[in-house]
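First residue of the sequence shown: 35, per this note's numbering; consecutive thereafter. Where is the CB? At the ideal position from N, CA and C, for every residue including glycine. Here is the structure we will look at.
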Amino acid sequence: MQEAAGRVYLAVGRLFRSLRRAGAPGMGHGMLSALATLVACGPMRLGDLASKESVAPPTLSRIVAGLVEAGYARREPDPVDGRAWLASATPDGERMISGVRSSRIQELQRRMERLSDEERLALIAALPALERLIGEEGSSS
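So this is what it looks like as structure tokens:
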């Protein structure tokens with residue numbers, strides 16, 4: 035079982051890293067991840083976004099500043115607590131995430147097309163098990 039777990043770990047990690055390079059020139063993983071979270075979850079306090087992204091608040095502040103500078107996010111005072119700030123994705127940010135997701139899916143589709151029919155069916159059959167593995171621990175590493 036340990037050997038199989040090691041192979042799954044390596045294969046999934048390598049696939050993830052190679053797909054991560056598709057569709058986001060000049061934008062680091064941290065920025066893309068934070069922007070994707072803002073697109074998926076809507077406006078968030080910076081501290082909440084830092085927790086969700088598992089990064090320190092000062093790091094997240096720098097990431098959001100870069101997103102704001104690029105026009106992908108905006109910062110606005112929290113209407114509930116004027117001392118806090120909310121970050122949200124702009125329409126350009128939403129388009130960026132949509133484009134990156136589309137590019138990555140297309141790249142994965144190209145790779146899957148190179149598999150035999152039998153390999154593709156085996157991969158598809160394994161999806162429920164992979165989804166259960168992800169569901170057990172959420173997004174922890």
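- When the five nearest sequence neighbours on each side are left out, the beta carbons in the same chain lying within less than 8 Å of the beta carbon of L83 are those of A68, T71, L72, L94, V98 and A121, in order along the chain.
- Contact between the segment 111 to 125 and the segment 156 to 163 is absent: fewer than 3 CB-CB pairs across the two stretches fall below 8 Å.
- Scanning L66, R166, G100 and D151 for the CA closest to the CA of R129 turns up L66.
- At the C-beta level, A56 and Q140 come within 9 Å of one another.
- Ranking A104, E87, M78 and L167 by CA distance to the CA of V114 puts M78 first.
- Counting every other CB atom within 10 Å of its CB across the protein chains shown gives Y43 a total below 16, marking it as exposed.
- In this structure, P91 keeps its C-beta atom at 9 Å or more from the C-beta atom of L101.
- Secondary structure note for L49: it is in no beta strand (DSSP E), and the uninterrupted alpha helix (DSSP H) holding it is Q36 to R54.
- In the DSSP assignment, P113 falls outside any alpha helix (DSSP H), carrying neither H nor E.
- Here A58 carries a coil assignment [DSSP, helix/strand/coil].
- Nearest Cα to Y106 within the set S85, A58 and R138: A58.
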